[in-house]
Amino acid sequence: MEYNHHSLEKKWQKFWSENGTFKIGETSDKPKYYVLDMFPYPSGAGLHVGHPLGYIASDILARYKRLKGYNVLHPMGYDSFGLPAEQYAIQTGQHPAITTEENITRYREQLDNIGFSFDWSREIRTSEPEYYKWTQWIFMLSFNAWYNVEADKAEPIKTLIERFEKTGTAAVKAVSDDDIRVFTADEWRGFSTSEQQRELLKYRLAYLKESTVNWCADLGTVLANDEVINGLSERGGFPVEQKKMMQWSMRIIAYADRLLKGLEQIDWPEPLVEMQRNWIGRSVGASVKFPLPQLNDHIEVFTTRLDTIYGVSFVVLAPEHDLVKTLTSEAQRKEVEAYIARTAKKSELDRMADTKTVSGAFTGSYAKHPLTGKDVEVWIADYVLASYGTGAVMAVPSGDQRDYLFAKHFDLPIIAISDTQDITEEADPNKEGRYINSELINGMTYEDAMSTLVKELEKLQLGKAKVNYRMRDAIFGRQRYWGEPVPVYFKDGLPYLIEESELPLLLPEVDKYLPTETGEPPLGRAENWRYQDQYEYELSTMPGWAGSSWYWFRYMDPQNAEAFASKESIDYWKSVDLYIGGSEHATGHLLYSRFWNKILKDLGYHNEEEPFKKLINQGMIQGRSSFVYRVLDVDGKGTNTYVSFGLKDDYNTMALHVDVNIVHNDVLDREKFIASRPEYSEAEFILEDGKYICGTEVEKMSKSKFNVVNPDDIIAAYGADTLRLYEMFLGPLEQAKPWNTNGIEGVYKFLRKVWRLFHDAEGNVALSDETPTKAEYKALHKIIKKVEEDVERFSFNTSISAFMICVNELTDLKCNKREILKDLIIVLNSYAPHITEELWMLMGNEVGAISYQKYPVFNPSYLVESEFAYPVSVNGKMKMNLSLALDLGQKEVEEIVLSNADVQRYLEGKIVKKMIFVKNKIINLVV
RNA sequence: GCCUAGGUGGUGGAACUGGUAGACACGCAGGACUUAAAAUCCUGUUCCCGUUAAGGGAGUGCGGGUUCGAUUCCCGCCCUAGGUACCA
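Heads up: take any position in the first sequence, counting from 1, add 346, and you land on the numbering used here.
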């Protein structure tokens, strides 16, 4: 029988599905291993060959770990709330649920074709009420929680109320809004319910507050910071502006330090860890007050260089700063207002792009320097951002280049503060010298100056050490339809939770998926969208990241109606051992997931500080576009002649994208090209060596570039096993690489060779029960060792090369021994599950068992210890058992030369694992 | 600008803690089998010199260094990709 990948793969996929081969029970006595892929958003475009890369890697690992005796959780599901289905609904009127369902069906078909060992009985979809019930429940948990700084964890809100009742705000150290009231226990008890609720809202982890948000008018919704890239929306690339709105937020700032600290205990790629660090943006410094005696107020600034405080020659406020209005003098009012108007007109994007022009305006007012008491001018300028720190800076022209340029431009004083400073051309921020012109700290070093200044400012109550974060609290509401409803209603203008027993709060039906005439979100269109028929429900829905911030727990116990997952299953599965997905989620999903994981931990639902112990970013597979070159005539018009890539420089040509599916190894299938479009029907070609060679370029995979490759097409031609092997063979998992099928024949050929090992020339199964030779064992044991090493370090591409070597060796040895081949296919099973399952069956073994049963194949004692040699004695030159050396090195050894230093290391007669030969001489031994 | 990762044949890539650089595969060239094709198999394939061969020389982005020995470690520079940015 020939290797017929098509029927064979379909057969086994059906078998696995019908027999529930990969279904696992709740818990087990075996050690657990949880390997998770980032679940996909089911888009309308379906999967292209880039998507399964990570899934294939995780599937190999899952199957391998099962063979090693682990109970493996390897689930899949869909992040099925999201914007594209809603945009489609706006255009067509089709309910997003229907679009989503259709897309999921397509995804599932494509995934099934690849032969993954997912436990589909655990599938989840974030848009299903059974699932989002628990997303809403976690929101309620966060609403009912506050962050206790003393305990450094979140606690139920009732412990805060207890403190208020006993001691008022005096004994409370919490992460909260800035505008909290200070009150005694008596005052608290005197508050009305509304007053109490209003105050509690300032402490809740999920809270409602007037805040500056990223508003995207084209999408009709607010966006989180990570959904805005260079001032444009991540989805669609629409402009985003700043706007003040009442908005739901999550107090992620409370966890900033723990999110940073946690990065040290997880095994993640360095770039990703770095991205999260930068995103959180912790900077240690001080907050300093510059008094405004005339207003009985002060300007608060944040600085990381408190030591330069005597170099302050002016203070700069962001144009949006609250104090600007009151500080502006009559004389300066016109100028200041004109400046504010000018900056307001500039978009965020312009403001970022234009960082070279110095601009600003004097307010006409002065603030007191906190230490010298001298007057310093107060300016406004757009280089100070309202959204960072306090929106105000102390300007030290001698130490900060931006301040320096500003001072030069407006002719403000520049005060040198260090004896090593050179400020003739630019600012000099060095910390090496001794301070000058600095009263209190003259002559001191940096460290001494800092501690002196902090003490002095604290004494004066004009400043203190402070840690500032770049990260903002996460905006949680979206003015969209296709998301989880927020389980909140409003009474007296204040938010209250619905009862837990009333969950899930189902997404209501609406007539259109657009905002209402009054500009309210689409849920405003729902009829009678009120709690108990009288209180308005919240109209915004949750953001895309809500459903994905806890989904790994749901896989542990996906059908549970009583809890997001049972305590037993959480205790057993704990956290994800290996998480595979793209790095584009660095500052979104991966940060929010860590955040919610910590909330759930603090409130006692599990014990894991971090959800994903190890993480691997699979590299993006880019498209490899192909081009044909149309010859242009003298007028520059296109002709019907196409010139091959190598000859195109002799002509005036124009490059045209050509569908990569009619190009093989860069050679154009001319017949298919002619048939592809009417305008090509008369095409003529100028060939090189009888072929039309296409030019290529690496671009993102997209329809418009005709470079999308559907895995289904590859599977139809070569089979799923070839696709799996080939995607791994393409290069290191973590590296970005262009898709090309140039080498796929080699992988396909390899599988046919495997097949032939089991069959004779006539195509009949022909296996021998003879005892294998030493050479055969050696070939087998090399591959077992290699695969184990490679899988453990996620180097899948190298083990495929090793498989090829192994099979070539066995073919050369004409090996058809059961003893050898049985083990070979067990080892190969994780990579190519279909063909191995078939061969396993042809050997007469129990079907479906290969993927589960524990064989001793990956056990070290299973390997023959033939690869070791022992040094016998040493004396400048090493004598050793030369027959063993020859066996090991397979080369003729004339002499052994080692340096004296190396010789010393082997004096005690250690085992030699490896010998290094240079031209028939052993030059080193590895112990 | 800053942070991170990387730079190896015609191509994808291998070389794990410093030890024969280029495994394996593609492509290419030649050959076997075949009426022919497909399939399969064999030989060669880093570059340069040497007609062939024997042999010699150079070689992992560039320039230095450490070492008996460097793709690997150190210093300086160049380039590519990703992230990030008036962050005070």
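For glycine and all other residues, C-beta sits at the position ideal for the given N, C-alpha and C.
query, result
"His952 - containing beta strand (DSSP E), residue span", "Element bounds for His952: n/a, residue is neither H nor E."
"Where His397 falls: helix, strand or coil (DSSP)", "coil"
"Other residues of its chain near Leu961: CB distance less than 6 Å, five sequence neighbours each side excluded", "Trp614, Tyr925"
"Validate contact between the stretch 565 to 572 and the stretch 599 to 613 using beta carbons, cut 8 Å, 3 pairs", "no"
"Rounded straight-line distance, which links the Cα of Gly928 to that of Ser1245", "Confidence is the limiting factor: at Ser1245 the pLDDT is only 42, short of 50, which leaves the residue's position unreliable, though a coordinate-based value still follows. Whole-angstrom Cα-Cα distance: 48 Å."
"Assigned secondary structure, Pro841 (DSSP; H/G/I helix, E/B strand, else coil)", "strand"
"Inside the stretch 592 to 641 only - beta strand (DSSP E) runs reaching at least 3 residues", "628 to 638"
"Exposure label - Pro377; buried when at least 16 CB within 10 Å", "exposed"
"Where Arg1023 sits in the DSSP three-state scheme", "coil"
"Cβ shell of Thr315 (< 6 Å), same chain only, five flanking positions each side left out", "Because the chain is modelled from 347 through 1273, residue 315 falls outside the range shown and cannot be assessed."
"Integer-rounded CB distance, given that Ala403 should sit under 8 Å from Gln964", "6 Å"
"Three-way DSSP call (helix, strand, coil) for Thr539 in this model", "helix"
"Residue interval of the alpha helix (DSSP H) (run including Trp725)", "No alpha helix (DSSP H) holds Trp725; the beta strand (DSSP E) holding it covers 721 to 726."
"Member of Thr505, Gln482, Ile484 whose CA lies at the smallest distance from the CA of Tyr493", "Thr505"
"Distance, Ser426 Cα to Arg452 Cα", "13 Å"
"Alpha carbon of Leu551 to alpha carbon of Thr791, nearest angstrom", "42 Å"
"When Ala1148, Met621, Glu1138 are compared against Ala1125, the one with the closest alpha-carbon", "Ala1148"
"Buried versus exposed call for Gly1089 [16 or more other C-beta atoms within 10 Å across all chains shown]", "exposed"
"Near the ligand GDP: Ala687 beta-carbon under 7 Å from a heavy atom", "The ligand GDP is absent from the structure shown, which contains no ligand whatsoever."
"Identified DSSP bridge partners for Leu978", "Gly984"
"Residues sharing a beta bridge with Val574, DSSP", "Ser579"
"Residue closest to Lys1046, alpha-carbon to alpha-carbon, out of Glu873, Ile782, Ile787, Met966", "Met966"
"Distance CB(Leu1159)-CB(Glu1116) smaller than 8 Å", "no"
"Length of the line joining the Cα atoms of Ser557 and Met596", "12 Å"
"Alpha-carbon spacing of Lys913 relative to Gly583, whole angstroms", "43 Å"
"Separation of Tyr424 from Arg900, as counted between CA atoms", "12 Å"
"Buried or exposed by the 16-neighbour rule on C-beta atoms within 10 Å, applied to Met592", "exposed"
"Presumed contact (8 Å Cβ cut-off) between Ile450 and Pro388, rounded CB distance", "5 Å"
"Presumed contact (8 Å Cβ cut-off) between Val704 and Phe636, rounded CB distance", "Not confirmed; about 22 Å, so no contact."
"Beta carbon of Tyr380 nearer than 8 Å to that of Asp903", "no"
"Host beta strand (DSSP E) of Thr649 (start-end)", "643 to 649"
"Candidates Val619, Lys499, Thr736, Glu1192: closest to Thr367 by CA position", "Glu1192"
"Closest by C-alpha distance to Arg1284, when choosing among Trp534, Ala435, Leu547, Val586", "As shown, the chain starts at 347 and ends at 1273. That puts residue 1284 outside it, with no answer to give."
"At least three beta-carbon pairs within less than 8 Å, the stretch 524 to 533 to the stretch 779 to 797", "no"
"Whole-angstrom distance between Leu717 and Leu806, CA atom to CA atom", "9 Å"
"Proximity below 8 Å, CB of Asp819 to CB of Ile598", "yes"
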